[in-house]
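Asks: What follows is a structure written as structure tokens; I'll ask about it next.
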Amino acid sequence: MSLIRLHVADDLVQDGAVFLGPQQTHYLANVMRARMDDEVLLFNGRDGEWLSSIVEISRRGAGLRLLGRHRPQAQGPDLDLLIAVVKRPRLETIIEKAAELGARRVRPVITARTNASQVNLERLHAIATEAAEQTGRLDVPQILEVARLAEVLAEWPGDRRLLFCDEAGEAATALDALAGAERGLWAILIGPEGGFTAEERLAARAVTGAVPVSLGPRILRADTAAIAALSLWQASLGDWRGLELSSRGAHLAQ
Ligand code: SAH
């Protein structure tokens, strides 16, 4: 079984120590049944991944001593996911999958046809953290504040391309559109269950760097569309390309 991985806020330095709060201690002791001297991998999004060993574990908390750096800090491609706010279970799935599929940030957006507006950012952050722990990535995707799509598009930065997943068709398929595209800063936009309005489609297509695409002849649910688009992007321009060894691959190859 692979080692337990935990995301912590603390700085990670040689011979340092980290103390876990009740939640992570419960996970270690009761869920993972970890014991004194067991090894645990720690990461904080800044200092790489560290091997540590449990030096104290009780009801009060757990203490971990840092043994050494296992992997240097690395980040995946600069890819954002803009996702219309959909109902909670589906939104939570999208956050988990976006973390697994290597999005760097996720921004929930309000569109004309979003029918859910309550977003628990803290819970989404916890889901992203757990997914990052499980996938082996060294950062946790940032969950950005909810914003109105119209405003996000009005302030679109000129240097970030926008893969606009348009269910209405009239666009190249994603693989064709991405075939000649350059790497760099990207975002993917997925709409709500009710789809985009005509006005939103025009606005999304009008931003500098817009790349409208179709995900094929079937209408996908928002979660499926997000997974498909993230996968196609990673395979075309991201770290599924195999042009360079990923940090994990590089580590395994050593
Ligand atoms: N109710 C809408 C579908 C919305 S699906 C309708 O019936 O037309 C939710 C989102 O997933 C869409 O806004 C779009 O961003 C994405 N999506 C789903 N299927 C797609 C496809 N075939 N091509 C491109 N985007 C798609």
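Each number in this note's numbering corresponds to the 1-based position in the sequence shown with 27 added. The beta-carbon is built from N, C-alpha and C at its ideal position, and this holds for glycine as well. All values derive from a computational prediction rather than experimental measurement.
Fully enclosed by the stretch 190-248, which alpha helix (DSSP H) runs are 4 residues long or longer?
Replies: Complete alpha helix (DSSP H) runs here, min 4: 201-206, 225-233.
Asks: Whose C-alpha, out of P49, D203, A125, is nearest the C-alpha of A249?
Replies: The residue with the shortest Cα to Cα distance from A249 is A125.
Asks: Could you compute how far the alpha carbon of S273 sits from the alpha carbon of D266?
Replies: The predicted model places S273 with a pLDDT of 49, which falls under 50 and marks its position as unreliable; any figure quoted below should be read in that light. Rounded to whole angstroms, S273 to D266 spans 7 Å at the Cα level.
Asks: Excluding sequence positions up to five away, which residues of its chain have a Cβ less than 6 Å from the Cβ of R210?
Replies: The answer, listed in chain order, is L264.
Asks: Could you please give the first and the last residue of the uninterrupted alpha helix (DSSP H) stretch that includes V179?
Replies: That run of the alpha helix (DSSP H) goes 176-181.
Asks: For A252 and L229, what's the separation of their Cα atoms in angstroms?
Replies: When rounded, the distance between both Cα atoms is 20 Å.
Asks: Is the stretch 229-241 in contact with the stretch 184-193, if contact means three or more CB pairs nearer than 8 Å?
Replies: Verdict: yes, contact present.
Asks: What do you reckon, are the CB atoms on R32 and E160 nearer than 9 Å?
Replies: Yes; because the gap between Cβ atoms is below 9 Å, this pair is in contact.
Asks: For V136 and A174, which I take to be in contact (beta-carbon distance under 8 Å), what is that distance rounded to the nearest angstrom?
Replies: Right, their Cβ atoms sit about 6 Å apart.
Asks: Within its chain, find whatever has a CB closer than 8 Å to the CB of A208; leave out the 5 residues flanking it on each side and keep chain order.
Replies: Counting only Cβ-Cβ distances below 8 Å, and skipping sequence neighbours, we find R188, V238, S263, L264.
Asks: What three-state label does DSSP hand L30 in the structure shown?
Replies: L30: coil per DSSP, three-state reduction.
Asks: Rounded to the nearest angstrom, what separates G103 and L128 at their Cα positions?
Replies: Taking the straight line joining both Cα atoms gives about 10 Å.
Asks: If I follow the unbroken alpha helix (DSSP H) through R5, where does it start and stop?
Replies: Residue 5 lies beyond the residue range present for the chain, which begins at 28 and ends at 281; the question has no answer from this structure.
Asks: Does the stretch 213-225 come into contact with the stretch 93-113, if we say contact requires no fewer than three beta-carbon pairs (one atom in each stretch) closer than 8 Å?
Replies: Contact holds: three or more Cβ-Cβ distances are below 8 Å.
Asks: Which value, in whole angstroms, describes the spacing of the CA atoms of H278 and Q41?
Replies: The predicted model places H278 with a pLDDT of 45, which falls under 50 and marks its position as unreliable; any figure quoted below should be read in that light. Using only the alpha carbons, I get a separation of about 19 Å.
Asks: V58 by DSSP, collapsed to three states: which one?
Replies: V58 falls in the helix class under three-state DSSP.
Asks: State yes or no: is the C-beta of S2 nearer than 8 Å to some heavy atom of the ligand SAH?
Replies: Given a span of 28 to 281 for the chain in the structure shown, any question on residue 2 remains unanswerable.
Asks: Pull up the DSSP beta-bridge partners for D42, would you.
Replies: Bridge partners of D42: none, in fact.
Asks: May I have a chain-ordered list of the beta strand (DSSP E) segments no shorter than 3 residues that lie completely inside the stretch 70-94?
Replies: Correct list: 76-84.
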